[in-house]
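Q:
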Amino acid sequence: VMGATGSGKSTFVNLLSGSTLHVGKGLRSCTSDVEATPPFDFQGRRLVMFDTPGFDDTTKSDTDILKLVATYLATTYEHGAKLAGVIYMHRINDIRMGGIAVRNFGMFRKLCGDKSLKNVAIVTNFWSEVDPAVGDAREAELRSDDTFFKPVLEKQAKLLRHDGTLAAAHAVIAQIVDNQPMALLIQEELVDEHKSISDTAAGVEVNRELEEQAREQARKHAEEMEQIRKDM
Numbered sequence: 001v002m003g004a005t006g007s008g009k010s011t012f013v014n015l016l017s018g019s020t021l022h023v024g025k026g027l028r029s030c031t032s033d034v035e036a037t038p039p040f041d042f043q044g045r046r047l048v049m050f051d052t053p054g055f056d057d058t059t060k061s062d063t064d065i066l067k068l069v070a071t072y073l074a075t076t077y078e079h080g081a082k083l084a085g086v087i088y089m090h091r092i093n094d095i096r097m098g099g100i101a102v103r104n105f106g107m108f109r110k111l112c113g114d115k116s117l118k119n120v121a122i123v124t125n126f127w128s129e130v131d132p133a134v135g136d137a138r139e140a141e142l143r144s145d146d147t148f149f150k151p152v153l154e155k156q157a158k159l160l161r162h163d164g165t166l167a168a169a170h171a172v173i174a175q176i177v178d179n180q181p182m183a184l185l186i187q188e189e190l191v192d193e194h195k196s197i198s199d200t201a202a203g204v205e206v207n208r209e210l211e212e213q214a215r216e217q218a219r220k221h222a223e224e225m226e227q228i229r230k231d232m
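In the UniProt record's numbering, the protein residues as written are 1 to 232.
This is the structure:
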């Protein structure tokens with residue numbers, strides 16, 4: 001389970017698995033590592049879920065988060081385990097999908113690659129906190145906008161709703177539990193192709209964003225210095 005900080009990942013995982021992973025109540029991230037639930041039964045299957053930190057973590061950089069998630073995924077793949085499904089949680093009560101949310105989802109896409117998108121479920125959360133008509137309109141925009149979820153939905157990813165109930169959580173899992181397990185792109189890159197993390201698609205994306213942030217900071221600094229010179 002992946003998604004931005006505060007998107008309800010840990011609560012969703014706990015609801016389904018009966019686990020007691022720590023759930024954040026404030027603005028600070030509470031999931032700082034990849035956490036696995038104990039095995040639990042669902043429709044005759046033995047499942048394990050993995051909770052992950054978001055790429056907008058308040059205590060770790062995107063580079064650190066990528067290393068954590070990538071290393072964990074590579075290790076499980078080396079031991080012969082593939083994921084039947086990957087869930088990406090998104091807050092439907094967010095007024096807009098801002099830069100941080102777009103960045104989080106962009107990193108998620110780089111981790112998964114295109115081939116495994118048929119095993120991806122994008123789950124909109126916190127429906128009880130929005131007017132139904134407003135939620136419907138936001139969902140329609142997320143579904144139809146090229147900047148948001150449209151490209152992955154066209155590659156067979158699913159867009160599902162979670163209203164906070166166990167029944168809704170079960171409905172989400174039922175959509176992915178019978179999938180043919182597949183390796184994610186980053187697992188193939190690290191294990192099969194023996195790439196370093198920085199050379200993976202996700203690693204290249206993190207480095208590109210860091211360079212972009214550095215350029216923006218340099219530009220702002222130059223503007224501030226120019227303004228100081230004008231004011232002197």
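Even for Gly, the Cβ is constructed at its ideal location relative to N, Cα and C.
Can you have a look at P53 and say buried or exposed, based on whether 16 or more other CB atoms are within 10 angstroms of its CB?
A: Label assigned to P53: buried.
Q: Identify the continuous alpha helix (DSSP H) that holds T71 and give its terminal residues.
A: It spans D62 to E78 - the alpha helix (DSSP H) in which T71 sits, taken as one unbroken run.
Q: Are there 16 or more other CB atoms within 10 angstroms of the CB of I122, so buried, or fewer, so exposed?
A: Buried, by the Cβ-count rule.
Q: Where in the segment 129-158 do unbroken runs of the alpha helix (DSSP H), each at least 4 residues long, occur, reported from the N-terminal end onward?
A: Within the segment 129-158, the complete alpha helix (DSSP H) runs of at least 4 residues are 132-144 and 150-153.
Q: Skipping 5 residues on each side, what residues in its chain have a beta carbon closer than 6 Å to that of E141?
A: There are no such residues.
Q: Pairs of beta-carbons, one from the segment 104-111 and one from the segment 196-212, closer than 8 Å: are there three or more?
A: A contact exists between the segment 104-111 and the segment 196-212.
Q: Write down every uninterrupted run of the beta strand (DSSP E) in the segment 86-113 whose length is 3 residues or greater and which is fully enclosed by it, in chain order.
A: 86-91, all fully within the segment 86-113.
Q: Could you check the C-alpha separation between S128 and E139 for me, to the nearest Å?
A: Approximately 14 Å, taken between the alpha carbons.
Q: Should L73 go down as buried or exposed, given a rule of 16 or more other Cβ atoms within 10 Å for buried?
A: Buried, by the Cβ-count rule.
Q: Going by C-alpha to C-alpha distance, which of D41, Q187 and Q227 sits closest to V177?
A: It is D41 whose Cα lies nearest to the Cα of V177.
Q: Pull up the distance between the alpha-carbon of K9 and that of V130, whole angstroms please.
A: Whole-angstrom Cα-Cα distance: 19 Å.
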